[in-house]
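Undergrad: Residue numbers (the working numbering): 5 to 137. Glycine is no exception: its CB is placed at the ideal position from the N, C-alpha and C atoms. In this text the structure is predicted, and so the values were computed from the model without any measurement. Let me begin by handing over the structure; questions about it come next.
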């Protein structure tokens, strides 16, 4: 049985997600959170697994950052749209690195309860990466 969680207010949701997005502050992520890469179905469960996922994307497979374009916030939910910008360092999803900077559309839907991110659905446009070869 899961524990009861209170949806965060709009203000608390915005503060939590903005805090997380500024440097991927995982203290804003619940211990039992789940992040899902929607294109592959890959799930990262728990803060440590999520930290490893973030490190892989932003520091290993790529040297990259997230350029936020828009943040839409509601009670306990937020959607961040932007671009994943950086250099591909290694093979990713069957795509070999070219050494060129890439810019890939990225959209992430967050669920926020009790002031912590409890879930993120990550939509990474792999086809856009493939087209920049």
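#1: Do you know how far the Cα of residue 87 is from the Cα of residue 107?
#2: Please report the residue range of the beta strand (DSSP E) in which residue 72 lies.
#3: Hey, could you find the ends of the beta strand (DSSP E) residue 81 is sitting in?
#4: Within the chosen definition, does the region 15 to 25 reach the region 114 to 129 through at least 3 CB pairs nearer than 8 Å?
#5: Would you say the beta carbon of residue 52 comes nearer than 7 Å to a heavy atom of the ligand SAM?
#6: I'd like the span of the alpha helix (DSSP H) that includes residue 110, first residue to last.
#7: Report all residues from its chain with a CB closer than 7 Å to the CB of residue 34; omit the five preceding and five following residues, and keep chain order.
#8: When the Cα atoms are used, what is the spatial distance from residue 136 to residue 46?
#9: With burial defined as no fewer than 16 other Cβ atoms inside 10 Å of the residue's Cβ, what is the status of residue 133: buried or exposed?
#10: Between the region 64 to 73 and the region 83 to 102, can you find at least three pairs of beta-carbon atoms closer than 8 Å?
#11: Would you kindly check if the distance between the Cβ of residue 72 and the Cβ of residue 25 is under 8 Å?
#12: Measure the alpha-carbon distance for residue 75 versus residue 100 and round it to whole angstroms.
#13: Where do the ends of the alpha helix (DSSP H) carrying residue 55 lie?
TA: The short version:
#1: Looking up residue 107 in the chain shown gives position 103. Looking up residue 87 in the chain shown gives position 83. If I take the Cα positions, the gap works out to 6 Å.
#2: Mapped onto the chain shown, residue 72 falls at position 68. Looking at the DSSP string, the run of the beta strand (DSSP E) that includes residue 72 is 66 to 78.
#3: Mapped onto the chain shown, residue 81 falls at position 77. From DSSP, the beta strand (DSSP E) with residue 81 extends over 81 to 92.
#4: yes
#5: In the structure on display, the ligand SAM does not appear, and there are no ligands present to speak of.
#6: Working through the chain shown from its first residue, we reach residue 110 at position 106. Counting along the chain, residue 110 falls outside any alpha helix (DSSP H), though it belongs to the beta strand (DSSP E) covering 105 to 117.
#7: Counting from one through the chain shown, the residue named residue 34 turns up at place 30. Around residue 34: 120, 121, 122.
#8: By 1-based counting over the chain shown, the position of residue 136 is 132. By 1-based counting over the chain shown, the position of residue 46 is 42. If I take the Cα positions, the gap works out to 24 Å.
#9: Counting from one through the chain shown, the residue named residue 133 turns up at place 129. With 16 or more other Cβ atoms within 10 Å, it is buried.
#10: yes
#11: Mapped onto the chain shown, residue 25 falls at position 21. Mapped onto the chain shown, residue 72 falls at position 68. Yes, Cβ-Cβ distance for residue 25 and residue 72 is below 8 Å.
#12: Taking the first residue of the chain shown as 1, we reach residue 75 at position 71. Taking the first residue of the chain shown as 1, we reach residue 100 at position 96. Roughly 31 Å separates the two Cα atoms.
#13: Walking along the chain shown from the start, residue 55 turns up at place 51. Counting along the chain, the alpha helix (DSSP H) containing residue 55 begins and ends at 51 to 59.
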